[in-house]
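FYI, the numbering for the sequence shown is 7 to 615, going by the working numbering.
Note that beta-carbon positions come from the ideal geometry of N, C-alpha and C, so glycine has one too.
The structure under discussion appears below in the form of structure tokens.
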Amino acid sequence: MTGGTPSTHEEEVEERVGPYRLIRRLGQGGMGVVYLAEGPEHQEVALKVLRSHVAHDPIARARLQREATTLQKVNHPGVAGILDHDLEGERPYLVTRFVPGRPLDEQVDERGPLTPRKWLPLAGCLAESLQAIHAAGVIHRDLKPGNVMMCNGKPVMIDFGIAQAADDLRLTQTGLVIGTPGYLAPELIEGEMVSQSADWWGWAATAAFAATGRRPFGKGPFEAVLARVHSGQADLEGLDPRLKSLLAAALSPNKADRPTQEEIMTGLSRYAEGRDALPPREAQTVAAVPPTKLVTRLMPTEEPAVEEPTGPTPTEVAQLVPPVIPPLSAFTPIRDKIRDAAAKKPVAEAPPVQPYDPYAPYQSAPPYQSGPPVPYQQPAQPVPVQPAQPAKAPPTGRRTAIIVGCMLALTGLVALTPGFGTVVAILLLVLARTVDRSSTALMRRRQLRGRSGKSDGVVALAASPVQLATAALITLPCLILPLLTAVVVGGIVTGVAASTYGLEWEPLSAVGFGTAALTALFCCWWGPGGSSLRRGAHIAARNTFRAHWFSGLMAVVLLAIGGLTFYLATQGEGAAWARSPIQTPNINRPTLGDLRNAPFIRDLPIIGN
7 MTGGTPSTHE EEVEERVGPY RLIRRLGQGG MGVVYLAEGP EHQEVALKVL RSHVAHDPIA
67 RARLQREATT LQKVNHPGVA GILDHDLEGE RPYLVTRFVP GRPLDEQVDE RGPLTPRKWL
127 PLAGCLAESL QAIHAAGVIH RDLKPGNVMM CNGKPVMIDF GIAQAADDLR LTQTGLVIGT
187 PGYLAPELIE GEMVSQSADW WGWAATAAFA ATGRRPFGKG PFEAVLARVH SGQADLEGLD
247 PRLKSLLAAA LSPNKADRPT QEEIMTGLSR YAEGRDALPP REAQTVAAVP PTKLVTRLMP
307 TEEPAVEEPT GPTPTEVAQL VPPVIPPLSA FTPIRDKIRD AAAKKPVAEA PPVQPYDPYA
367 PYQSAPPYQS GPPVPYQQPA QPVPVQPAQP AKAPPTGRRT AIIVGCMLAL TGLVALTPGF
427 GTVVAILLLV LARTVDRSST ALMRRRQLRG RSGKSDGVVA LAASPVQLAT AALITLPCLI
487 LPLLTAVVVG GIVTGVAAST YGLEWEPLSA VGFGTAALTA LFCCWWGPGG SSLRRGAHIA
547 ARNTFRAHWF SGLMAVVLLA IGGLTFYLAT QGEGAAWARS PIQTPNINRP TLGDLRNAPF
607 IRDLPIIGN
């Protein structure tokens, strides 16, 4: 769901959907269109309606139903909450609070990056909203600048179209590919189990964009952006060094290396005090923070933006931001009403959504003293809030053991039969790149359509010959550096071994070819074009060996194959020809008499008879 001020691409409309009169179009996607509408009480709302060609699609309706269910779980002023919905009519729609502002990306593109005193409240408010969303058991999965509306300097999160509950698995598989490259966490792109860490990754990418004014993973082709995401090549140039460490860690492609929710909130407080946001992790002690503890405040209204130097000193940051971040005061009116309603009318579960409930104007108010925050899970009887605990990481979707086992098996195969092993290795490289190109094409197709379709598999199969040929053409030039490196390293190792043990040493060829093969595989994996190879290999391994026990078993089998083939190679099997000395023919040196008796010499007029 969205909101915003009129722009050149918005169209005036005169139409009704249910009891709502459509005023103008605010935005659109592959599945639906968002309008500014007028409610029954003449109040402005944001209305999302499915497009006519997907209005009767069960998957589209189910996704809209999930969005409505998700929004009903979240009750926070930093989120554009749901007001009404009708999912059974001819034109299914969803109504949320209209946010009269502009998206963060448009504001930054027009005015430039935020100053430290503006950036810190923005990052803190978004972090607080994420805490409330996660406390309700919801994962947004698509946090990006375009889904953050700026209303009077305060951020409001919108568009829960691909959000999911923690226990929602069925629609997850069809919705994983929908999102914006550069703001989707690597695990979402690879189809792994989703967790709260993906939202904090999106928070870091959004915060980095607001601070630098640049997309953290740049622009360019779809594949290039994905490669930078997977390798963790975030553009944080010009960022305050005290803040850079926190955002760089939060944008790590490895979930285990990212800071926790508590570390992020503590880091924002440290940065507000002029200290490093993320000290060395082995030396820091992070206290548990309640999931709804407020750590930001609304900064004083500023004059129009003026030129300010980038990279402030610690003293300047300490002067710009108070040493302690009290609760955000802008949300006081709405939060007080929610707290009173929860205390007076406890219920067992969330009440049904009324067609349209009036809400308090979204405006600033005087600060209030810190108190127990409202439990955002459900409007039930208030209970003491327990300190937040880090969520257990979901099982990873990678199959690293399979990849390592395959590399060692190829190494042993090349050591035993160099020609055949090399051909097999090249075929596997081409196959991995084909898988990556096919999955990327499928991802882009679904993103443009806004959903998956029944014909996706047929289209992918029909395009596979083209993808295979393209992958082969890409693989050939990428083999130049690995082969050259393998020849050099293998030659050096063989020369050292031959000078030490002699040419008749049986393991000589196995050591030389095995070293060359392992060197070439590592160069292919991490060298030019390696990102596509890594993605394709992980996708193929994950989809071929879905069960973890089966993937572990196959990894053991591959390791055994590699060890056995290498052992046979060291015992004289396979490339024995490589150890045999070169036999040169015994050619007698011709004499002068032999030369004179040669036919072509004897027939010369001067020398012949």
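Legend entry - Cross-strand partners of glutamate 44 (DSSP beta bridge): Arg27 and Glu50
Legend entry - Enclosing beta strand (DSSP E) for tyrosine 189 [first to last residue]: First-last for tyrosine 189: undefined, no H or E at that position.
Inset, instruction - Report back the beta-carbon spacing between histidine 544 and glutamate 94 to the nearest angstrom; my notes put them in contact at under 8 angstroms. - result: Actually they are not in contact, since the Cβ atoms of histidine 544 and glutamate 94 sit about 42 angstroms apart, beyond 8 angstroms.
Inset, instruction - Just mark asparagine 158 as buried or exposed, buried being the case when its beta carbon has 16 or more other beta carbons within 10 Å. - result: exposed
Legend entry - First and last residue of the uninterrupted beta strand (DSSP E) at leucine 120: Careful: leucine 120 lies outside any beta strand (DSSP E) and carries neither H nor E.
Inset, instruction - Just the C-alpha distance for leucine 232 and arginine 221, rounded to the nearest angstrom, thanks. - result: 13 angstroms
Legend entry - Contact between the segment 544–561 and the segment 505–512 (3+ Cβ pairs under 8 angstroms): no
Inset, instruction - Please classify glutamate 21: is it buried, with 16 or more other beta-carbons within 10 angstroms of its beta-carbon, or exposed? - result: exposed
Legend entry - Close beta carbons around leucine 252, own chain, < 6 angstroms, minus the five adjacent residues each side: Gly273, Ala283 and Leu284
Inset, instruction - Please specify which runs of the beta strand (DSSP E), each continuous and at least 3 residues long, are wholly inside the segment 229–277, giving them in chain order. - result: none
Inset, instruction - Find out if the Cβ-Cβ distance for the pair alanine 421, alanine 516 is shorter than 8 angstroms. - result: yes
Legend entry - Beta-carbon contacts of leucine 257 that lie in its chain and below 6 angstroms, excluding the five residues immediately before and after: Ala210 and Ala240
Inset, instruction - In the DSSP assignment, find the unbroken alpha helix (DSSP H) run with proline 488 in it and report its ends. - result: 486–507
Legend entry - Distance CB(isoleucine 409)-CB(methionine 560) smaller than 8 angstroms: no
Inset, instruction - Following the continuous alpha helix (DSSP H) through threonine 525, name the residue where it begins and the one where it ends. - result: 514–532
Inset, instruction - Pick helix, strand or coil for arginine 108, following the three-state DSSP scheme. - result: strand
Legend entry - Assigned secondary structure, methionine 156 (DSSP; H/G/I helix, E/B strand, else coil): strand
Legend entry - Contact belief for alanine 477 with arginine 439 at Cβ below 8 angstroms, rounded distance in angstroms: 4 angstroms
Legend entry - Cβ shell of threonine 576 (< 7 angstroms), same chain only, five flanking positions each side left out: Glu512, Pro513 and Ala516
Inset, instruction - Return the CA-CA distance between tyrosine 26 and alanine 43, expressed in angstroms with no decimal places. - result: 6 angstroms
Legend entry - Presumed contact (8 angstroms Cβ cut-off) between methionine 156 and glycine 107, rounded CB distance: 5 angstroms
Inset, instruction - Just mark methionine 37 as buried or exposed, buried being the case when its beta carbon has 16 or more other beta carbons within 10 Å. - result: buried
Inset, instruction - State the DSSP-derived secondary structure class of leucine 435, mapped to helix, strand or coil. - result: helix
Legend entry - Integer Cβ distance of glycine 418 from phenylalanine 572, believed to fall under 8 angstroms: 4 angstroms
Legend entry - Distance between leucine 132 and histidine 48 (C-alpha atoms, nearest Å): 30 angstroms
Inset, instruction - State the start and end residues of the unbroken alpha helix (DSSP H) segment that holds isoleucine 545. - result: 536–550
Legend entry - Buried or exposed (CB count within 10 angstroms, at least 16 for buried), valine 23: buried
Inset, instruction - Could you tell me if phenylalanine 426 is buried or exposed, where buried requires 16 or more neighbouring beta carbons within 10 angstroms of its beta carbon? - result: exposed
Inset, instruction - Would you mind stating whether proline 119 and alanine 216 have Cβ atoms separated by less than 8 angstroms? - result: yes
Legend entry - Beta-bridge pairing of threonine 102 - partner residues as DSSP gives them: Ala52 and Ile88
Inset, instruction - Report the rounded CA-to-CA distance for valine 101 versus glutamine 71, giving the unit in angstroms. - result: 12 angstroms
Inset, instruction - Please report the residue range of the alpha helix (DSSP H) in which alanine 211 lies. - result: 202–218
Legend entry - Supposed close pair phenylalanine 223, glycine 188 - CB separation, criterion 8 angstroms: 4 angstroms
Inset, instruction - Spatial neighbours of valine 436 within its chain, please: CB distance less than 8 angstroms, with the 5 preceding and 5 following residues excluded, ordered by chain position. - result: Leu474, Ala477, Ala478 and Thr481
Inset, instruction - Please list, in chain order, all residues of the same chain as glycine 520 whose beta carbon is under 8 angstroms from its beta carbon, the five residues on each side excluded. - result: Thr417, Gly418, Val420, Ala421, Phe572 and Ala575
Inset, instruction - Confirm the yes/no value for this check: CB of cysteine 412, any heavy atom of the ligand GDP, distance under 7 angstroms. - result: Ligands displayed in this structure: none; no statement on the ligand GDP is therefore possible.
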